[in-house]
Structure formats: C-alpha cells, structure tokens
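Only one structure is covered here, and it is reproduced in the block below.
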Amino acid sequence: MISVGLVLSLVFGCGLGVVEDLSMEPRPIMVIVPDAELAEAVREQLPRVRIVVLRVDAQENAAVVAARAWEYRNADCMFYDPYADSFDMMIIRERLKNQGVVPIDLRQQALAAEQQRGQLTQPESLLTRKAAESHRRLP
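According to this note's numbering, numbering within the sequence shown proceeds without interruption in unit steps and concludes at 419.
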C-alpha cells in the first residue's frame, strides 16, 4: 500500500489545497480514492480535503460503485495504485477522466519524486566522493 508520506507529498506536489472558483466561494478539493484504507491515510493528514471513497465494502456490486463514481464526477482528482487496481476501477477511472477528473498514479508519482530527490542529492554526494578520493591521494 502507499505510505502516508507519499500521499502528502503528492497532494502538496500536485498543488492541491483549495480550489478557487471566480463565481463561488473557495471550496475544498475533492479527491476520489478507490478504497477506505487510502481514504484514512489522506483524511488523517489533510482534514480540509473532501475524500470520496468509491468502494466502501469489498463485496460491493460494480454497478453501485459505478453509480457512486458518476455522482462525484465533478471531483478534482482521483488517486489510484495501478498494481491494486481492478478491471472495473480502470473503467471507472477512464470515465471520470473523460469528465475532467485528473487521475494521479501514485506509483508513478512516487518514482518521479524519488528520481527528483536523487538528482537533488547527487551533486552533493558526487562532491563528497571527489573530496574523499582527493583526501586518500594525499601522502
């Protein structure tokens, strides 16, 4: 499962916070998550974000989940883990995407964040290695 730290970095990294519509009062971001476990991780850290859980119970009928997804088609984004995705969730995600909901692949975002952190720390580690090599060369 995806860690809470990853969820937080994705939420802040994607610029999620409060959506401001010029015609209305600012409203909280609405995030769709596929299951209750991910919803709890987001809810603990981001209480102002409105969380919508698609599959409340593992035994729920796909038609009930699809109807719930359609009800929240005006959400801002949907977090998903492609390795934990079922076929019906893939179809629902594609339908929501066509309605303007931004799908956020948590695995891909984690990989990109890890690569970015590696690039940021690489020059420092390279300098440290060069300094260590030059120190070893001294008599």
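We treat Cβ as the ideally placed atom computed from N, Cα and C, and that holds for glycine. Note that the structure is predicted; figures quoted are calculated from it, not measured.
Given residue i as reference, the closest of the options once Cα atoms are compared
i: residue 332; options: 325, 353, 338; result: 353
i: residue 328; options: 319, 337, 308; result: 308
i: residue 355; options: 336, 362, 377; result: 377
i: residue 337; options: 326, 319, 370, 324; result: 319
i: residue 334; options: 365, 380, 398; result: 365
i: residue 340; options: 369, 326, 321; result: 369
i: residue 306; options: 330, 371, 374, 386; result: 330
Run of the beta strand (DSSP E) containing residue i, from where it starts to where it stops
i: residue 315; result: 310-315
i: residue 385; result: 382-385
Three-state class that DSSP yields for residue i in the structure shown
i: residue 356; result: coil
i: residue 373; result: helix
i: residue 328; result: coil
i: residue 322; result: helix
Boundaries of the alpha helix (DSSP H) in which residue i is found, first to last residue
i: residue 345; result: 342-351
Three-pair Cβ contact test at 8 Å for the region 311-329 versus the region 357-365: When Cβ pairs closer than 8 Å are counted between the two stretches, the region 311-329 is seen to touch the region 357-365, the count reaching three or more.
Given 8 Å, three or more beta-carbon pairs between the region 335-349 and the region 386-397: no
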